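Worksheet: the structure to be examined is printed underneath.
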Amino acid sequence: MSTQLQSRELTPAGMSSVRRHERVLDEAARQLNANGVSLTSLTEIAEQLGISRAAMYYYVEDREDLVFQCYRRSCEITARHLNEATRDPGTPVEMILRFIERMLDPNEPELAARAEIAMMTQAQRDTIQGLYDALAARVATLLTSGQEAGLLRECDVDVNARCILSLVTWAPLARTWAAATGAPGSQSLQSAVGETIFDGLGRGRTAPEIATFDLTSLCMRTGAVFDRDAISEAKRETLVSVASRLFNRKGIDATSLEEIAAQVGATKRTLHRHLGSKQELVGACYERAFKIFLHIKQAMLEHPGSRLAAISSAMYALATAYPREDLSPLSPLVGFGALSPAAQEKFRRDSGELADGYHDTIRRGIAEGSIANVDVETRALMLPGLLSWLVKEDVPTDEQRRKHIANEIAQLVAVGLKAR
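In structure tokens:
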């Protein structure tokens, strides 16, 4: 089909070429978030929009170009919301709240989560990273202004700016992952994000002491050297651990089975023998992730201090686990639709068990007086959103810096950013 004919197909009466292009990217973003890159089909996007597959190539060169354009549009929309939020008079806190409201407006297009960065060329990755860093710098400037005005407490503005961007990206996706407990409405999401950022969970303004949970039992252990089953299990653990780390940093679809096998000096055939298909490998990575999540949840439930201290310490543990190469649980960001039906059902069961622990902790905290009277389910659902940015390659690898970031997140969860 000629470009001229494609253009006419894409631009029916009353719709501009630019608007049709935006509709293509909006539908692609929705599918990318739900299914990941491999199950995002140009044909299905075209069918959803009522156009031919050939017409799609009027705007995108291939699937990789589609991913790049979706990520770039997400950054541009976020920048537009930030511009609109800061254009009108108000305090820095009011501006950030307006930004949250615009980002979570159900009438706005769904933004593609920054999950498959490695699908793009280096130049494209640099472009997206530059746009993201610029957004984080602008939010950090607002936080600094809030501190200077006496409205916000002292904190690391760069870390908290990235937490804010991570949270407003996560909140809409949370509806997909919240099937076990019920998805909140848009108004509830907006309120929960604002309260998470500025108020925290604490009833008072004093941050609790953070405990360090013991995670050594979660690290891979070497079995008896003459125990065939133990050796086989150790190999499987190694492969799943490496896969989880690569999936987090590069994206599930951008990471090949050959690359995972090569990281541990194995062959693709060996990986298949221990774990099966890529879909089964993703399922194994989520199973491992929930083992880590549930271990930390149990430590939280057994913590002898206040429930606010317990949940803050759990967030500290999670924030240190994500960047660690020997832990790095697979982040539940995108790709739920890529799991097998059995894996989806297991994910829902594990999510339900995990949610129950956090709901119970918050309710007990409300009863004892350490946690404010909050919307328990929705506020608990916000917690993963503060962590999802920690799995990317731009997160510092220095241990002291990682601990600092984890402490900032724990403090944010406990008391928010408002001045004490």
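Reading the sequence shown from the start, the letters are residues 7 to 426 in the working numbering.
Quick reminder that beta carbons are idealized off the backbone N, C-alpha and C, glycines included.
Small disclaimer: the values here were computed from a predicted structure and weren't measured.
Between residue 177 and residue 148, the gap from beta carbon to beta carbon reaches 9 Å or more. Linking residue 224 to residue 333 through their CA atoms gives a straight-line distance of about 7 Å. In the three-state reduction of the DSSP assignment, residue 274 falls in the helix class.
Residue 318 and residue 312 have their C-alpha atoms roughly 10 Å apart.
For residue 424, the beta-bridge partners assigned by DSSP are 158. Within the segment 294 to 358, complete alpha helix (DSSP H) segments of at least 4 residues are found at 313 to 327, given in chain order.
Comparing C-alpha distances from residue 179 to each of 249, 119 and 289 shows the shortest one belongs to 119. Contact between the segment 251 to 261 and the segment 358 to 366 is absent: fewer than three C-beta pairs spanning the two stretches fall below 8 Å.
Note on geometry: alpha-carbon atoms of residue 133 and residue 117 lie some 17 Å from one another. C-alpha of residue 273 to C-alpha of residue 102: approximately 49 Å in a straight line.
Between residue 49 and residue 59, the CB-CB gap stays under 9 Å. In the pairwise beta carbon analysis, the segment 236 to 251 is classified as touching the segment 290 to 304: at least three pairs are separated by under 8 Å. Per the coordinates, the alpha-carbon of residue 277 lies some 44 Å from the alpha-carbon of residue 206. Assignment of residue 415 by DSSP, reduced to helix, strand and coil, places it in the helix class. Burial is judged here by how many other beta carbons sit within 10 angstroms of a residue's own beta carbon; residue 212 has fewer than 16 and is exposed. As the crow flies, the alpha-carbon of residue 89 is around 13 Å from that of residue 100. The Cβ atoms of residue 306 and residue 320 lie closer than 9 Å to each other. Ranked by Cα distance from residue 24, the options 41, 65, 54 and 304 are led by 65. Under the rule that a run must span 4 or more residues, the alpha helix (DSSP H) segments found entirely inside the segment 238 to 269 read 263 to 269. Annotation: residue 114 to residue 77 spans about 16 Å, alpha carbon to alpha carbon. Each of 85, 152, 403 and 36 was checked against the Cα of residue 331, and the nearest Cα belongs to 403.
Boundaries of the alpha helix (DSSP H) around residue 192: 192 to 204. Per DSSP, the continuous alpha helix (DSSP H) segment holding residue 105 begins and ends at 98 to 109. Secondary structure of residue 210 (DSSP, three-state): coil. By the criterion of a C-beta distance shorter than 6 Å, residue 371 is surrounded in its chain by 313, 314 and 377, once the five residues flanking it on both sides are discounted.
Judged by DSSP in its simplified three-state form, residue 57 adopts coil rather than helix or strand.
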